[in-house]
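Student: Read in order, the letters of the sequence shown are residues 195 to 592 in the numbering used here. Structure provided below as structure tokens; questions to follow.
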Amino acid sequence: MTSAWQRTAAGANLLGSDGRLGVTIFEEMTGLAVRHGAINLGQGFPDEDGPAEMMEAARSAILSGANQYAPGQGIPRLREAVAEHQARFYGIALDPWREVVISTGATEGIAAAVLALAGPGDEVLTFEPFYDSYGAMIALAGAEHTTVPLHAPAFQPDPAELEAAFTPRTRLVLLNNPHNPTGAVFGRETLERIVALAARHDAVIVTDEVYEHLVFGDRHVPVASLPGARERTVTISSAGKTFSFTGWKVGWISGPEELVARVRTIKQFLTYSSGTPFQEAVALGLGYPDEFFAAAADTLRAKRDILAEGLRAAGLDVFVPEGTYFITADTSPLGIDDAPALARRLPELVGVAAIPVSVFCHLGGAERTRSLLRFAFCKKAPLLHEAASRLAGLADAL
Ligand SMILES: Cc1ncc(COP(=O)(O)O)c(C=O)c1O
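What follows is the structure in structure tokens.
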């Protein structure tokens with residue numbers, strides 16, 4: 195029997211990392227970016243804070259004594275705000291007392307959901323590439339990780355491959371929509387297909403929707419809002435991306451009472467409860483008018499376009515994302531077939547850092563995505579212009 199850390203390390207793809215335990219590729223690339231004075235488009239966090247009013251709310255919560263453990267389930271005001279948000283944007287009715295739990299970021303929600311709902315002998319199905327914590331948590335739970343490939347350029351699942359990936363042992367489908375790292379948004383038809391297959395196999399859907407408000411086309415469609423989905427779906431989201439406060443680590447889990455209770459049973463022994471003053475501030479933010487959320491997406495769309503144009507001008511094939519703050523680009527037009535190796539040289543070559551997409555895959559998927567890089571565009575526009583002009587020198591620098 196292997197120890198938990200060994201299973202976790204094996205489940206997350208550490209292929210791209212330099213092999214030091216506990217050091218992710220993101221930290222490795224950040225280290226290279228710092229060493230070479232490169233613009234860090236590797237790690238996905240914004241270089242600007244979210245609303246000043248929310249910061250002020252956190253500050254006054256601290257000053258007025260919100261400094262002890264919050265209830266394990268989260269402060270009532272935030273649970274109510276989450277329920278109101280789901281009703282306002284998606285028409286999903288939730289009981290804030292029984293069907294909502296606050297977590298330490300979406301990361302803890304994912305951990306608690308996978309540990310609660312899957313175990314040895316079960317298969318957990320994800321799309322590949324997958325967010326790295328999925329592989330780690332599935333392995334930690336002792337379950338088997340199965341995948342459906344997302345193919346360039348649209349990164350949508352092929353219906354036949356999706357159907358074939360389900361087996362009688364599929365207990366959980368771990369969905370991420372909008373999708374990191376590809377920026378793909380799954381359409382209603384794909385989501386309906388996933389719901390139908392989950393129902394046929396009596397599997398639970400865990401859906402990570404942290405980029406729900408960072409979409410550039412149609413409004414986000416949560417899988418839980420589709421017919422037949424609600425009773426088998428646990429939805430996870432967080433404040434980090436929507437409000438540009440990734441360091442606050444406030445997330446939430448919602449769904450039918452029985453599933454949420456199982457997840458809460460695990461969550462209470464992971465962190466018990468999460469940052470009290472930040473919960474107060476996030477409750478305020480979730481109540482902002484629709485225009486606030488639309489403006490955040492509009493600002494980000496303009497940034498996406500700056501970086502997409504820069505990457506195209508640098509000679510890469512760009513897959514324009516429909517959501518998230520990541521762009522995937524293919525380096526093969528420049529004669530590159532080893533993006534992980536290029537990613538390690540990029541900070542020194544042109545002064546920009548990116549992440550190879552293959553680190554979000556198992557071995558087979560890593561081969562398929564070997565020439566792809568992921569760039570984050572949640573940065574100030576002048577910095578993105580500067581990154582674009584540096585990247586313009588890539589072909590010559592190679
Ligand atoms: C798909 C996805 N899920 C979850 C997270 C983590 O969210 P949080 O910071 O709220 O834990 C991220 C952060 O990059 C992400 O990209």
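The beta-carbon is built from N, C-alpha and C at its ideal position, and this holds for glycine as well.
In this structure, does DSSP put VAL409 in helix, strand or coil?
Tutor: Correct three-state label for VAL409: strand.
Student: Rounded to a whole number of angstroms, what is the C-alpha to C-alpha distance between HIS579 and GLY299?
Tutor: Spanning the two alpha carbons is a distance of roughly 31 angstroms.
Student: DSSP on LEU209, reduced to helix/strand/coil?
Tutor: Any reading at LEU209 needs caution, since the residue's pLDDT is 47, under 50, leaving its predicted position unreliable; the model's value is listed next. Coil.
Student: State buried or exposed for VAL597, treating a residue as buried only when at least 16 other CB atoms are found within 10 Å of its CB.
Tutor: With the chain covering only 195 through 592, there is no way to say anything about residue 597.
Student: Rounded to whole angstroms, what is the Cα-Cα separation between SER197 and GLY315?
Tutor: About 18 angstroms.
Student: For ILE286, count the other beta carbons within 10 Å of its own beta carbon; 16 or more makes it buried, fewer makes it exposed. Which is it?
Tutor: Buried: at least 16 other Cβ atoms inside 10 Å.
Student: Please determine whether the Cβ atom of ASP402 lies at a distance below 7 angstroms from any heavy atom of ligand 1.
Tutor: Yes, ligand 1 has a heavy atom inside 7 angstroms of this Cβ.
Student: Please classify LYS443: is it buried, with 16 or more other beta-carbons within 10 angstroms of its beta-carbon, or exposed?
Tutor: Per the 10 Å Cβ criterion, buried.
Student: Nearer than 7 angstroms: is that true of the beta carbon of ASN234 relative to any heavy atom of ligand 1?
Tutor: Result no, Cβ not under 7 angstroms from ligand 1.
Student: Can you tell me which residues form a DSSP beta bridge with PHE321?
Tutor: VAL342.
Student: Starting from the C-beta of ARG431, find all residues in its chain whose C-beta is less than 7 angstroms away, skip the five residues before and the five after it, and write them out in chain order.
Tutor: One detail in the question is off: residue 431 reads as Ser in this sequence, not Arg. Counting only Cβ-Cβ distances below 7 angstroms, and skipping sequence neighbours, we find ALA300, GLU403, VAL404, GLU406, GLY445 and TRP446.
Student: Could you tell me which residues DSSP puts in a beta bridge with THR522?
Tutor: For THR522, which the question treats as bridged, DSSP gives the partners PHE513 and ARG568.
Student: With DSSP as the reference, label ALA547 as helix, strand or coil.
Tutor: DSSP places ALA547 in strand when its eight states are reduced to three.
Student: Run the proximity test for SER432: is its beta-carbon closer than 7 angstroms to any non-hydrogen atom belonging to ligand 1?
Tutor: Yes, since a heavy atom of ligand 1 falls inside the 7 angstroms radius drawn around the Cβ of SER432.
Student: What's the call for TYR263, buried or exposed, on a 16-neighbour Cβ count within 10 Å?
Tutor: Its Cβ having fewer than 16 others within 10 Å, TYR263 is exposed.
Student: Roughly how many whole angstroms lie between the Cα atoms of ALA586 and PRO375?
Tutor: Going from the Cα of ALA586 to the Cα of PRO375 covers about 23 angstroms.
Student: Which of the three DSSP states is assigned to SER552 in this structure?
Tutor: If DSSP states are grouped into helix, strand and coil, SER552 belongs with the helices.
Student: For my contact list, VAL551 and PRO323 are in at a C-beta cut-off of 8 angstroms; report their separation, rounded to the angstrom.
Tutor: Right, their Cβ atoms sit about 6 angstroms apart.
Student: If you follow the beta strand (DSSP E) that VAL398 is part of, which residue opens it and which one closes it?
Tutor: Here the beta strand (DSSP E) through VAL398 covers 398-402.
Student: Using CA coordinates, which residue listed in ARG292, PRO343 and ILE296 is at the minimum distance from THR465?
Tutor: Of the listed residues, the one whose Cα sits closest to THR465 is ILE296.
Student: Buried or exposed, going by whether 16 or more other CB atoms sit within 10 Å of the CB of SER438?
Tutor: So SER438 ends up on the buried side.
Student: I'd like to know whether the C-beta atoms of ALA570 and GLY238 end up nearer to each other than 8 angstroms.
Tutor: Yes, Cβ-Cβ distance for ALA570 and GLY238 is below 8 angstroms.
Student: So the beta strand (DSSP E) GLY445 belongs to, where does it begin and stop?
Tutor: Its beta strand (DSSP E) spans residues 445-448.
Student: Whole angstroms is fine: what's the gap from LEU209's alpha carbon to VAL342's?
Tutor: The pLDDT assigned to LEU209 is 47, lower than 50, so where the model puts this residue is not dependable, and the model offers no usable value.
Student: Would you list the one or two residues that DSSP bridges to THR364?
Tutor: Per DSSP, GLU317.
Student: Report the CB separation of GLU516 from PRO372 in whole angstroms; it is logged as a contact under 8 angstroms.
Tutor: The pair is a contact, with the Cβ atoms about 7 angstroms apart (cut-off 8 angstroms).
Student: Let me check understanding here. Comparing Cα to Cα, which of ARG564, SER254 and ALA507 lies closest to ARG584?
Tutor: Here the closest residue by C-alpha is ALA507.
Student: Three-state secondary structure (DSSP) at THR465?
Tutor: Correct three-state label for THR465: coil.
Student: For SER297, report the span of its beta strand (DSSP E) as first-last.
Tutor: Element bounds for SER297: 294-297.
Student: Rounding to the nearest angstrom, what Cα-Cα distance links TYR284 and ILE388 in this structure?
Tutor: Approximately 19 angstroms between the Cα atoms of the pair.
Student: Quick one: residues in its chain with C-beta nearer than 8 angstroms to the C-beta of LYS574, no 5 flanking neighbours on either side, listed in chain order?
Tutor: If we look at LYS574 and ignore the five residues flanking it on each side, its Cβ neighbours are ASP241 and GLU242.
Student: Would you kindly check if the distance between the Cβ of GLY509 and the Cβ of LEU588 is under 8 angstroms?
Tutor: Cβ distance < 8 angstroms, so LEU588 and GLY509 count as in contact.
Student: How about PRO290 and VAL276: do their beta carbons lie closer than 8 angstroms?
Tutor: Cβ distance < 8 angstroms, so PRO290 and VAL276 count as in contact.
Student: Decide yes or no for the touch test of the segment 472-490 against the segment 448-463: beta carbon pairs closer than 8 angstroms, at least 3 of them.
Tutor: Not touching, per the Cβ criterion.
Student: With distance defined between alpha-carbon atoms, name the residue in THR202, ARG538, LEU540 and GLY411 nearest to GLU333.
Tutor: Before going further, note that residue 333 is Ala rather than Glu in the sequence given. Comparing Cα positions, the closest option is THR202.
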